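Going by this note's numbering, the sequence shown opens with residue 21, and the numbers climb by one from there.
All C-beta atoms in this analysis are idealised placements derived from N, C-alpha and C, irrespective of residue type, glycine included.
Fair warning: this is a prediction, and the values are worked out from it, not measured in the lab.
Here is the structure we will look at.
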Amino acid sequence: MTNIRLHITETVKLAYPVSIGQLGIMMMGLIDAIMVGSIGAAPLAAASLASGLFLLIFIIGNGIALAATPLIAIAVGEENTAVCNKIFRNSYWVNLITGFILAGLTIYCSDLLRYLNQPKEVVELAITYNKILAVSLIPTSIFMSYKQFVEGLSFTKPAMCFSIAAVLVNVVINWFFIYGNCGAPKMGLNGAALGTFSARCFMAYGMKLYVNASKNYKSYDKRIFKNDLDFTIIKKILSLGLPSGMQYFFEVGAFTFAIIMVGWIGTTDIAAHQVAINLASISFMAALGLSTAGSIRVGNALGRKSIKEIRYAGFTAILLSTTIMSASGLTFILFNHTLPAFFIKDPIVIAKAASILIIAAMFQLSDGIQAVGIGVLRGILDVKGPTIITFFSYWILALPLGYYLAFNMHLNLMGIWIGLLVGLTSSATLLTTRFNIKSKRVLS
Numbered sequence: 021m022t023n024i025r026l027h028i029t030e031t032v033k034l035a036y037p038v039s040i041g042q043l044g045i046m047m048m049g050l051i052d053a054i055m056v057g058s059i060g061a062a063p064l065a066a067a068s069l070a071s072g073l074f075l076l077i078f079i080i081g082n083g084i085a086l087a088a089t090p091l092i093a094i095a096v097g098e099e100n101t102a103v104c105n106k107i108f109r110n111s112y113w114v115n116l117i118t119g120f121i122l123a124g125l126t127i128y129c130s131d132l133l134r135y136l137n138q139p140k141e142v143v144e145l146a147i148t149y150n151k152i153l154a155v156s157l158i159p160t161s162i163f164m165s166y167k168q169f170v171e172g173l174s175f176t177k178p179a180m181c182f183s184i185a186a187v188l189v190n191v192v193i194n195w196f197f198i199y200g201n202c203g204a205p206k207m208g209l210n211g212a213a214l215g216t217f218s219a220r221c222f223m224a225y226g227m228k229l230y231v232n233a234s235k236n237y238k239s240y241d242k243r244i245f246k247n248d249l250d251f252t253i254i255k256k257i258l259s260l261g262l263p264s265g266m267q268y269f270f271e272v273g274a275f276t277f278a279i280i281m282v283g284w285i286g287t288t289d290i291a292a293h294q295v296a297i298n299l300a301s302i303s304f305m306a307a308l309g310l311s312t313a314g315s316i317r318v319g320n321a322l323g324r325k326s327i328k329e330i331r332y333a334g335f336t337a338i339l340l341s342t343t344i345m346s347a348s349g350l351t352f353i354l355f356n357h358t359l360p361a362f363f364i365k366d367p368i369v370i371a372k373a374a375s376i377l378i379i380a381a382m383f384q385l386s387d388g389i390q391a392v393g394i395g396v397l398r399g400i401l402d403v404k405g406p407t408i409i410t411f412f413s414y415w416i417l418a419l420p421l422g423y424y425l426a427f428n429m430h431l432n433l434m435g436i437w438i439g440l441l442v443g444l445t446s447s448a449t450l451l452t453t454r455f456n457i458k459s460k461r462v463l464s
């Protein structure tokens, strides 16, 4: 019992700062939605459409950046400081180059929104908004490099602090440029994009200064221009990071395509969908924190070559996620009409959002388990199987079923969300089963 309590305590210590930090990052999108929602449904729908495409590309870079954390955690378990240094330096350059590539890809793909059969007034707003967001991928890649480095060393609070501070930066810039306050140009939705970009620059610069100055990392060589690029380590980062990116690509891609399908129904449905997704994303941050914590602790145990500790660490994270997400689902059911009103005052949008929050409540449990499942499997460097699982669950099950229910069975928005529920449940079941099997023989 003492061992289980220790695992719970250590997992929570690592998880809650990551969850709060991720919430801070996600809050930028929420703040954009709330502040832009006050100027109309079309800008809110445009933010939803643009954010879907942006996340679809961003998540690939995010997956690549995440590869550094378990690799560093394993090196920590092995007490190998030199390897930690090399992983940081090589991952920094991989992330930065990836950031430039993905920024260019996002700018290019933004114009493709015109061919998705979405409302014209929504598309034109979304294109410019997305191009401004694209540039923010470069400072984000720098922030993620330092974030994943310190999290691999089990320091999860620094990124949390900078993420929270960045929210304040975002609010201030938004207030000036969305509404044109204090003589600033009134940019509407584009002002929200400028706020997000400014906040991400602050995060990158602040995190870099902190890591270089803090005594916690004095024993590590953090020079990024040291001439010791190691293509063996780069290959390892990419072999772990690219499949991880594709896992999130398949999941986020499914939700993005769901937004497109919702757009075929109507503008108010897009707005309702965005409100419900934003609310579901808040609770999902807890699962992401537990996913990272599970990955770190499983990685440490792998470095120490202890199967017992690997399994304890992994299943503790899964159990905690199950508990938290169940409570979140109950909250959605009890306050399904109250919560959407924080985002928009349109009664039609609120009513539609309230109805799909019931479905969101049901898939909270599955969403949390699958997120942690991906994390603990990454901790034992298992990424290819989970990539296949996510593709199957979202693109073979969720989307075809959602389309059929929405347009053939005429369930509309509700049908799309039922499809997503089925996909998440499939992913959660398969990933948990895989960890149970793989963790028993990972050292063989």
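Whether residue i touches residue j by CB criterion (8 Å)
{"i": "Ile-409", "j": "Leu-450", "result": "yes"}
{"i": "Thr-475", "j": "Ala-62", "result": "No answer is possible for residue 475: it lies beyond the span of the chain, which begins at 21 and ends at 464."}
{"i": "Lys-458", "j": "Leu-397", "result": "yes"}
{"i": "Met-180", "j": "Ile-40", "result": "yes"}
{"i": "Ile-290", "j": "Ala-70", "result": "no"}
{"i": "Ser-130", "j": "Asn-105", "result": "no"}
{"i": "Met-48", "j": "Val-187", "result": "yes"}
{"i": "Val-231", "j": "Tyr-225", "result": "no"}
{"i": "Gly-395", "j": "Thr-312", "result": "yes"}
{"i": "Gly-265", "j": "Ile-84", "result": "yes"}
{"i": "Gly-72", "j": "Ile-279", "result": "yes"}
{"i": "Ala-381", "j": "Ile-370", "result": "no"}
{"i": "Ile-327", "j": "Lys-460", "result": "yes"}
{"i": "Ile-54", "j": "Tyr-268", "result": "no"}
{"i": "Leu-209", "j": "Leu-145", "result": "yes"}
Inter-residue CB distance, residue i and residue j (contact presumed, cutoff 8 Å)
{"i": "Ile-198", "j": "Ala-212", "result": "6 Å"}
{"i": "Ser-315", "j": "Gly-388", "result": "Incorrect: roughly 15 Å between the Cβ atoms, too far for contact."}
{"i": "Ala-154", "j": "Thr-126", "result": "4 Å"}
{"i": "Gly-349", "j": "Gly-399", "result": "So it is not a contact: roughly 26 Å between Cβ atoms."}
{"i": "His-27", "j": "Tyr-332", "result": "5 Å"}
{"i": "Val-38", "j": "Gly-309", "result": "4 Å"}
{"i": "Gly-57", "j": "Ile-302", "result": "With a Cβ gap of about 16 Å, Gly-57 and Ile-302 do not count as contacting."}
{"i": "Ala-321", "j": "Ile-330", "result": "4 Å"}
{"i": "Ala-87", "j": "Leu-260", "result": "4 Å"}
{"i": "Leu-214", "j": "Ile-162", "result": "Not a contact, Cβ separation roughly 19 Å."}
Residues near residue i in its chain [Cβ-Cβ closer than 6 Å; skip 5 each side]
{"i": "Lys-206", "result": "Gly-200"}
{"i": "Ile-112", "result": "The sequence as given places Tyr at residue 112; Ile does not occur at that position. Only Ser-165, Ile-244 meet the Cβ criterion."}
{"i": "Leu-122", "result": "Ile-77, Gly-81, Leu-157"}
{"i": "Trp-437", "result": "Ile-376, Ile-379"}
{"i": "Leu-421", "result": "Gly-439, Val-442"}
{"i": "Ile-92", "result": "Cys-104, Ile-107, Gly-172"}
{"i": "Ala-448", "result": "Ser-386, Ile-389, Gln-390"}
{"i": "Phe-222", "result": "Ala-186, Val-189"}
{"i": "Thr-445", "result": "Ser-386"}
{"i": "Val-295", "result": "Pro-360, Phe-363, Ala-373"}
{"i": "Leu-116", "result": "Ser-161"}
Residue i in three-state terms, based on DSSP
{"i": "Met-207", "result": "coil"}
{"i": "Gly-57", "result": "helix"}
{"i": "Pro-420", "result": "helix"}
{"i": "Arg-243", "result": "coil"}
{"i": "Val-392", "result": "helix"}
{"i": "Glu-98", "result": "coil"}
{"i": "Trp-437", "result": "helix"}
{"i": "Ile-364", "result": "coil"}
{"i": "His-293", "result": "helix"}
{"i": "Met-21", "result": "The pLDDT assigned to Met-21 is 47, lower than 50, so where the model puts this residue is not dependable; a value taken from the coordinates is nonetheless given after this. Here Met-21 sits in coil by DSSP."}
{"i": "Leu-403", "result": "Going by the sequence as given, residue 403 is Val instead of Leu. Note: Val-403 maps to coil in three-state DSSP."}
{"i": "Val-462", "result": "coil"}
{"i": "Met-429", "result": "coil"}
{"i": "Asp-248", "result": "coil"}
{"i": "Arg-331", "result": "helix"}
{"i": "Arg-134", "result": "helix"}
{"i": "Ala-87", "result": "coil"}
{"i": "Ser-498", "result": "Since the first residue shown for the chain is 21 and the last is 464, residue 498 is missing from the structure and cannot be characterised."}
Contacting residues, own chain, Cβ-Cβ under 7 Å from residue i (five flanking each side not counted)
{"i": "Ile-253", "result": "Lys-106, Ile-107, Asn-110"}
{"i": "Leu-401", "result": "Pro-90, Leu-260"}
Any C-beta of chain B under 8 Å from that of residue i
{"i": "Val-32", "result": "Reference to chain B is not applicable here, since this structure consists of a single protein chain."}
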